[in-house]
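Novice:
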Amino acid sequence: MIDTNGHSGLSITTVAGYQVFDNDGIYSSFPNVPVAVWVDGTYTAENSGGHIWGYNAFAEIQDGVDAVGDGGTVDVAAGTFNENVYVDKSLDIVGAGAAATIVDGGAADSVFFVNGDIDVSITGLTLQNGAAADGGGLYVQADGSM
929 MIDTNGHSGL SITTVAGYQV FDNDGIYSSF PNVPVAVWVD GTYTAENSGG
979 HIWGYNAFAE IQDGVDAVGD GGTVDVAAGT FNENVYVDKS LDIVGAGAAA
1029 TIVDGGAADS VFFVNGDIDV SITGLTLQNG AAADGGGLYV QADGSM
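Residue numbers (the numbering used here): 929 to 1074.
1) Is the Cβ-Cβ distance between Val1068 and Val1042 less than 8 angstroms?
2) How should Ala995 be labelled, buried or exposed, when 16 other C-beta atoms within 10 angstroms of its C-beta is the threshold for buried?
3) How far does the beta strand (DSSP E) with Ala964 in it reach, from first residue to last?
4) Between Ala987, Ser976 and Ala973, which has its C-alpha nearest Glu1011's C-alpha?
5) Going straight from the alpha carbon of Gly1034 to that of Thr1054, what length do you get?
6) Ser1038: which of Ser1049, Asp1016, Gly1044 and Ala1059 sits nearest, CA to CA?
7) Just list the residues that DSSP pairs Gln1056 with in beta bridges.
8) Count the other C-beta atoms from every protein chain shown that fall within 10 angstroms of the C-beta of Asn975, then say buried if there are 16 or more, exposed otherwise.
9) Tell me, which residues are paired with Val996 by DSSP?
10) Run through DSSP, which three-state label would Ala1061 get?
11) Among residues of its own chain, excluding the 5 on either side of Val943, which ones have a beta-carbon nearer than 8 angstroms to its beta-carbon?
12) Taking the Cβ atom as the reference point for each residue, do Gly1052 and Val1022 lie within a distance shorter than 8 angstroms?
13) State the DSSP-derived secondary structure class of Ile980, mapped to helix, strand or coil.
Here it is as structure tokens:
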């Protein structure tokens, strides 16, 4: 469907309900939470691998975890990610292989902190430099399963 929607620019609504229009300013609406997101340290707003930057494409794992829907998948490209990731929903985090995808906690906290009665799968990643006092690479709190 295409209509001017009261704007001098173009408004497009896709079958999935996404809206994008410009000329009077950029507006976009993505009403559905993504079931899969992609994380690549090289992604930017200008280059997000064919995905939608800020919706299902991110440069940091935590942003992908925050965006994906419960039960979804966070696909992490090869590279080293210097971060501590907090997970509070069921999901799968899939790296490009333990030798290729490294998450470095910088000895600041656990690399992954899993909180809640949730199911989380983490595969294809190397977790390193997590703070031992905080669980090292992985800390699971509550009744979740890994």
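Every residue, glycine too, gets a C-beta built ideally from N, C-alpha and C.
Specialist: The structure says:
1) yes
2) buried
3) Ala964 to Val967
4) Ala987
5) 13 angstroms
6) Ala1059
7) Asp1032
8) exposed
9) The partner list for Val996 (beta bridge, DSSP) is empty, contrary to what the question assumes.
10) helix
11) Residue placement at Val943 is flagged as unreliable, the pLDDT there being 43, under the threshold of 50; the coordinate-derived value follows with that caveat. So no residue of the chain qualifies.
12) yes
13) coil
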